[in-house]
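Novice: In terms of the numbering used here, the sequence shown opens at residue -8 and continues consecutively.
We put the beta carbon where it would ideally sit given N, CA and C, even for glycine.
Fair warning: this is a prediction, and the values are worked out from it, not measured in the lab.
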Amino acid sequence: MRDLADRGVLSGTRGAYVGPANSTDVSVPVTLQAAIAARIDRLDNAAKRTLKAAAVIGLRFGPDLLNSLVDDSAVTELIEAELIDQVMFTPRAEYAFRHPLIRTVAYRSQLESGRAELHRRLAVAIEQQSPNHPTRTPR
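Okay, structure coming up:
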């Protein structure tokens, strides 16, 4: 439904969408993953980068790690697109993918080299945020 609304095929608001009179001309992606990928493709570049970085972090993520991976975080746009939700407000904000499949599509849509670079940067950020963590081995 969100895909059709995003493309302008449906009008109205959530829970009260109205379709076109001639609905036989409406194309629908073959799979749910294709529908999610199409929604991600329509995001602006900052939102795509933010979503892909969040996918590398995991199903739930905080702004600190996210900001260590992207300079121009577009969390608000992702919330408005109903791809992620803010699940904690205090003491620190925390976000989560609205559905695990959204994360999977965002994660798998990345080139392997770009994803590997995000993983490397994520490891550095985690290490910097928790230098005295008990699982960390001394050098």
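1. Does DSSP classify S2 as helix, strand or coil?
2. Is the CB-CB distance between R51 and A87 below 7 Å?
3. So, using beta-carbon positions, are R89 and E73 closer together than 7 Å?
4. Name the residue from N58, L(-5), A28 whose alpha carbon lies nearest to the alpha carbon of E85.
5. Along the chain, where does the alpha helix (DSSP H) that runs through D76 open and close?
6. Could you tell me the boundaries of the beta strand (DSSP E) in which V115 lies?
7. Could you tell me which residues DSSP puts in a beta bridge with A87?
8. Answer with buried or exposed for L102, where buried requires no fewer than 16 other C-beta atoms within 10 angstroms of its C-beta.
9. Got a sec, what are the start and stop residues for the beta strand (DSSP E) V9 sits in?
Specialist: The short version:
1. Reading the sequence shown from its first residue, position 11 is the one you call residue 2. The answer is strand: DSSP assigns S2 an E or B state.
2. Start at 1 with the first residue of the sequence shown, and residue 51 comes out as number 60. Start at 1 with the first residue of the sequence shown, and residue 87 comes out as number 96. Contact flag set, yes.
3. Walking along the sequence shown from the start, residue 89 turns up at place 98. Walking along the sequence shown from the start, residue 73 turns up at place 82. Taking 7 Å as the Cβ cut-off, R89 and E73 qualify as a contacting pair.
4. For the purposes of this step, residue 85 is identified with residue 94 of the sequence shown, where counting begins at 1. Here the closest residue by C-alpha is N58.
5. By one-based count along the sequence shown, residue 76 stands at place 85. For D76, no alpha helix (DSSP H) segment is defined; the enclosing uninterrupted segment is the beta strand (DSSP E) at 75 to 79.
6. Numbered from its first residue, the sequence shown carries residue 115 at position 124. First-last for V115: 103 to 120, but that is the alpha helix (DSSP H), not the beta strand (DSSP E).
7. Within the sequence shown, residue 87 is the residue found at index 96, counting from 1. According to DSSP, which records beta bridges pairwise, A87 is partnered with R51, D76.
8. Taking the sequence shown and counting its residues from 1, one reaches residue 102 at position 111. L102 is exposed by the Cβ-count criterion.
9. In the sequence shown, counting from the first residue as 1, residue 9 sits at position 18. First-last of the beta strand (DSSP E) with V9: 7 to 9.
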